[in-house]
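Below is one structure, written out as structure tokens; comments come after it.
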Amino acid sequence: MPGFDAVTEFASAPTAVLATLGSDGAPHLVPVVFAVRRDAESATIYTAVDAKRKSTHKLRRLANIERDERVSLLADHYTDDWTQLWWVRADGLAATHYSGEEMATGYALLRAKYRQYERIALDGPVVTIAVTRWSSWQA
-13 MPGFDAVTEF
-3 ASAPTAVLAT
7 LGSDGAPHLV
17 PVVFAVRRDA
27 ESATIYTAVD
37 AKRKSTHKLR
47 RLANIERDER
57 VSLLADHYTD
67 DWTQLWWVRA
77 DGLAATHYSG
87 EEMATGYALL
97 RAKYRQYERI
107 ALDGPVVTIA
117 VTRWSSWQA
């Protein structure tokens, strides 16, 4: 694809898969919605725990991040036209925020990207990922 900008494609993807490390070292994967704040030198990815129904309020991804801050997020684009396929992975260091500026920034960015947050409450913690490495592939 001419002019493929991996970070821009990643940021525009509707969802990504967040990978954290469990206490046994095994990967734990969960789909998430997210937003990206990018400046000249860095990028931060924001995702939040919202009010959608969950099987538990003790989310494994949060416990995993507390134990090991290393995470990856993978966004991809699939279509039957395989010349248009791509994926982008962001590796980074995660932190969980229960209040403060990062939480407010995350909520604002997520509300701007997803109109569903007009009806679904954002009332849980925000996870930030300071991206340390981008990897990508395109057809």
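Its first residue numbered -13, the sequence shown is counted upward by one per residue in this note's numbering. Where is the CB? At the ideal position from N, CA and C, for every residue including glycine.
Terminal residues of the alpha helix (DSSP H) in which residue i lies
i, result
"Thr(-6)", "-8 to -2"
"Ile51", "46 to 53"
Spatial distance of residue i from residue j (CA atoms)
i, j, result
"Leu7", "Arg105", "32 Å"
"Tyr84", "His63", "32 Å"
"Asn50", "Tyr103", "26 Å"
"Leu95", "Trp123", "26 Å"
"Phe20", "Ala(-1)", "9 Å"
"Ala12", "Leu48", "15 Å"
"Arg97", "Ala90", "11 Å"
"Asp155", "Glu(-5)", "For the chain, the structure presents residues -13 to 125; residue 155 sits outside this window and is missing."
"Asp(-9)", "Thr1", "17 Å"
"Val57", "Asp109", "23 Å"
"Gln70", "Gly(-11)", "13 Å"
"Leu59", "Val18", "9 Å"
Sheet register partners of residue i (DSSP bridge)
i, result
"Tyr93", "DSSP lists no partner for Tyr93."
"Leu60", "Val3, Arg75"
"Ala80", "Ile115"
Nearest residue (CA-CA) to residue i, options the options
i, options, result
"Thr82", "Trp123, Trp72, Tyr32", "Tyr32"
"Ala(-3)", "Arg101, Pro17, Ala61", "Ala61"
"Leu45", "Val16, Ala(-8), Ala125", "Val16"
"Arg75", "Thr118, Arg53, Ala98, Glu88", "Thr118"
"Ala34", "His14, Ser121, Val113, Ser58", "Val113"
"Ala116", "Glu87, Gly92, Ser9, Ala29", "Ala29"
"Ala125", "Glu88, Gly110, Trp72", "Trp72"
"Tyr126", "Ala5, Glu27, Ala37", "Only positions -13 to 125 of the chain appear in the structure, and residue 126 is not among them; the question remains open."
Any chain C beta carbon closer than 8 Å to residue i
i, result
"Asp36", "Among the chains in the structure shown there is no chain C, since it carries only a single protein chain."
Heavy atom of the ligand FAD within 7 Å of residue i beta-carbon
i, result
"Val3", "As far as ligands go, the structure on display features none, and thus does not contain the ligand FAD."
Continuous beta strand (DSSP E) stretch holding residue i: start and end
i, result
"Val19", "That residue, Val19, is in no beta strand (DSSP E); it is neither H nor E in DSSP."
"Gln124", "108 to 124"
"Arg105", "Element bounds for Arg105: n/a, residue is neither H nor E."
"Thr30", "29 to 36"
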